[in-house]
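As structure tokens, the structure follows; a few thoughts come after it.
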Amino acid sequence: MTVIAVLVLAAGTYAFRVAGPFLRDRITLSDRARGLMSTAATVLLVALVATASLTKGAHFAGWALPIGVAVGGLAAWRKAPFVLVVVLAAATTAGLRLAGVA
Numbered sequence: 400m401t402v403i404a405v406l407v408l409a410a411g412t413y414a415f416r417v418a419g420p421f422l423r424d425r426i427t428l429s430d431r432a433r434g435l436m437s438t439a440a441t442v443l444l445v446a447l448v449a450t451a452s453l454t455k456g457a458h459f460a461g462w463a464l465p466i467g468v469a470v471g472g473l474a475a476w477r478k479a480p481f482v483l484v485v486v487l488a489a490a491t492t493a494g495l496r497l498a499g500v501a
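For the sequence shown, counting from 1, position 47 maps to 446 in this note's numbering; every step adds exactly one.
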């Protein structure tokens with residue numbers, strides 16, 4: 400049963416991905432719809448960052464991880480190179496955990 404569900408979901412995902420290029424020239428979206436899609440993408444990204452940085456399993460991840468993510472986000476916002484963003488975020492999180500801030 401699980402294999403069938405995975406195959407059905409995989410086929411549906413592939414169908415959505417293939418439909419995009421085929422329907423791009425045939426469907427015209429209004430400016431409002433384009434704005435809503437842009438906003439929805441931003442909201443989903445923020446939700447992903449929030450759940451990944453604030454929780455570990457079903458519990459709060461502690462303060463070190465969200466502070467590290469915030470430092471990385473600030474570095475990215477200031478247009479630092481990607482490697483530096485990752486190193487700053489990881490070093491901040493590791494340093495805070497080493498200092499006992501869980």
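Just so it is clear, CB atoms sit at the ideal spot from N, CA and C, and this is done for glycine as well.
The stretch 407 to 424 makes no contact with the stretch 460 to 479: fewer than 3 CB pairs, one atom from each, lie closer than 8 Å. Within the same chain, Cβ atoms closer than 7 Å to the Cβ of Thr-491 are found at Ile-466, Gly-467 and Val-470, the five residues on either side in sequence being excluded.
For Arg-433, the enclosing alpha helix (DSSP H) covers residues 430 to 453. Using a 10 angstroms sphere on the CB of Ala-410, the tally of other CB atoms stays under 16, which defines it as exposed. Under the criterion of beta carbons closer than 8 Å, Ala-474 and Leu-483 qualify as touching, at roughly 6 Å.
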